[in-house]
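In full-length UniProt numbering, the protein residues as written are 1 to 344.
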């Protein structure tokens with residue numbers, strides 16, 4: 001049986017694109033490499049560096065916004081969410097300015113953002129690896145997953161004590177992003193390249209049939225997602241969905257309805273399901289329905305006949321038993337013992 005796994009991202013390329021936005025340096029190389037190049041003038045180098053930093057900041061902001069959308073859809077991995085929260089805290093710190101004092105309001109807000117993101121990262125990770133049968137301490141769980149003990153200590157201080165200093169939180173956030181890269185992001189494999197389009201042939205072999213079905217399934221999934229997300233109300237979208245296999249569409253809608261908490265998506269899924277179910281049947285289906293109705297009618301008549309036969313037999317048995325019983329019986333007074341009212 002085919003099992004569908006619904007992810008908040010459209011495909012693996014979208015997830016890897018977000019990884020490249022969060023980790024522009026580590027996307028191509030796991031370690032930093034220094035390349036020998038011709039020296040550039042200091043002023044030009046400074047301008048290029050500023051432009052590159054601004055571009056990276058914008059990419060990280062777009063990545064944070066996309067992960068926020070994924071969180072609304074549901075099913076987003078904890079490591080992806082933690083990466084976005086830590087990156088958002090760093091972006092807020094950069095916007096507030098590096099020169100702000102820790103006693104200022106903006107400085108305290110940045111410390112609170114760092115603390116919340118870091119605490120959620122550590123707590124969610126350790127809770128997901130906690131043994132349900134045998135409760136372990138956070139330090140033991142952290143040791144089992146390779147999380148530094150200093151992360152647990154900083155999480156405890158940020159949660160139960162005074163907020164850590166901004167310098168310590170900045171360093172911890174950057175170390176956490178490096179740890180998340182080694183723990184989660186670096187293990188994501190690149191998607192396989194799509195096969196080149198083959199010339200059109202009038203004969204489809206069994207070997208090519210499965211890829212065609214896969215493409216048809218992906219097309220239907222994309223159309224259904226566009227409809228459920230309310231991206232467009234064009235009638236042509238509904239016509240395209242009607243062109244898909246009815247059983248496949250109903251299966252996808254049933255699975256989506258059971259795995260989402262978004263009332264809007266559930267409502268639109270119910271509307272689309274009702275529209276498909278109430279659509280005019282084909283002649284073949286009408287013939288099948290006519291035969292099934294006839295079979296159900298014959299079965300219903302047979303059941304009613306059996307029920308009448310059983311009822312007649314039960315009535316005859318009751319009459320026979322009534323005839324065998326005497327019409328009256330002698331009352332034995334000695335068997336009756338009077339009791340006061342209220343006594344059991």
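Note that the Cβ used here is the ideal one computed from N, Cα and C, for glycine as well.
Indicate whether residue i and residue j have their beta-carbon atoms separated by less than 9 Å.
{"i": "residue 179", "j": "residue 147", "result": "yes"}
{"i": "residue 268", "j": "residue 228", "result": "yes"}
{"i": "residue 87", "j": "residue 6", "result": "no"}
{"i": "residue 15", "j": "residue 80", "result": "yes"}
{"i": "residue 78", "j": "residue 128", "result": "yes"}
{"i": "residue 254", "j": "residue 273", "result": "yes"}
{"i": "residue 248", "j": "residue 220", "result": "yes"}
{"i": "residue 122", "j": "residue 138", "result": "yes"}
Could you tell me the distance, in whole angstroms, from the CA atom of residue i to the CA atom of residue j?
{"i": "residue 165", "j": "residue 115", "result": "10 Å"}
{"i": "residue 177", "j": "residue 97", "result": "21 Å"}
{"i": "residue 94", "j": "residue 168", "result": "15 Å"}
{"i": "residue 106", "j": "residue 112", "result": "10 Å"}
{"i": "residue 9", "j": "residue 301", "result": "54 Å"}
{"i": "residue 250", "j": "residue 305", "result": "38 Å"}
{"i": "residue 241", "j": "residue 156", "result": "52 Å"}
{"i": "residue 187", "j": "residue 109", "result": "34 Å"}
{"i": "residue 72", "j": "residue 252", "result": "20 Å"}
{"i": "residue 30", "j": "residue 49", "result": "For residue 30, the predicted model reports a pLDDT of 48, less than 50, meaning its position is unreliable; a value from the coordinates is still stated below. About 21 Å."}
{"i": "residue 182", "j": "residue 189", "result": "13 Å"}
{"i": "residue 131", "j": "residue 150", "result": "22 Å"}
{"i": "residue 68", "j": "residue 25", "result": "23 Å"}
{"i": "residue 143", "j": "residue 126", "result": "10 Å"}
{"i": "residue 75", "j": "residue 4", "result": "13 Å"}
{"i": "residue 70", "j": "residue 185", "result": "17 Å"}
{"i": "residue 173", "j": "residue 82", "result": "10 Å"}
{"i": "residue 218", "j": "residue 276", "result": "19 Å"}
{"i": "residue 11", "j": "residue 162", "result": "42 Å"}
{"i": "residue 17", "j": "residue 297", "result": "59 Å"}
{"i": "residue 91", "j": "residue 175", "result": "16 Å"}
{"i": "residue 226", "j": "residue 265", "result": "11 Å"}
{"i": "residue 140", "j": "residue 263", "result": "40 Å"}
{"i": "residue 170", "j": "residue 62", "result": "21 Å"}
If you count every other CB in all the chains shown that lies within 10 Å of the CB of residue i, and 16 or more means buried, which is it?
{"i": "residue 47", "result": "exposed"}
{"i": "residue 207", "result": "For residue 207, the predicted model reports a pLDDT of 44, less than 50, meaning its position is unreliable; a value from the coordinates is still stated below. Counting Cβ neighbours within 10 Å, residue 207 comes out exposed, since fewer than 16 surround it."}
{"i": "residue 158", "result": "buried"}
{"i": "residue 19", "result": "buried"}
{"i": "residue 60", "result": "buried"}
{"i": "residue 152", "result": "buried"}
{"i": "residue 145", "result": "exposed"}
{"i": "residue 270", "result": "exposed"}
{"i": "residue 51", "result": "exposed"}
{"i": "residue 54", "result": "exposed"}
{"i": "residue 236", "result": "exposed"}
{"i": "residue 256", "result": "buried"}
{"i": "residue 101", "result": "Low confidence applies here, because residue 101 scores a pLDDT of 48, under 50, leaving its location unreliable; read the following figure in that light. Label assigned to residue 101: exposed."}
{"i": "residue 32", "result": "Legend: pLDDT at residue 32 = 44, less than 50; position of this residue unreliable, value from coordinates given subsequently. That one is exposed."}
State the CB to CB distance for the pair residue i and residue j, rounded to an integer number of angstroms; the pair is presumed to be in contact (CB under 8 Å).
{"i": "residue 120", "j": "residue 85", "result": "6 Å"}
{"i": "residue 89", "j": "residue 58", "result": "Actually they are not in contact, since the Cβ atoms of residue 89 and residue 58 sit about 17 Å apart, beyond 8 Å."}
{"i": "residue 13", "j": "residue 191", "result": "6 Å"}
With respect to the alpha helix (DSSP H) encompassing residue i, which residues constitute its N-terminal and C-terminal limits?
{"i": "residue 138", "result": "138-145"}
{"i": "residue 175", "result": "166-183"}
{"i": "residue 150", "result": "149-160"}
{"i": "residue 22", "result": "12-22"}
{"i": "residue 83", "result": "78-96"}
{"i": "residue 238", "result": "235-242"}
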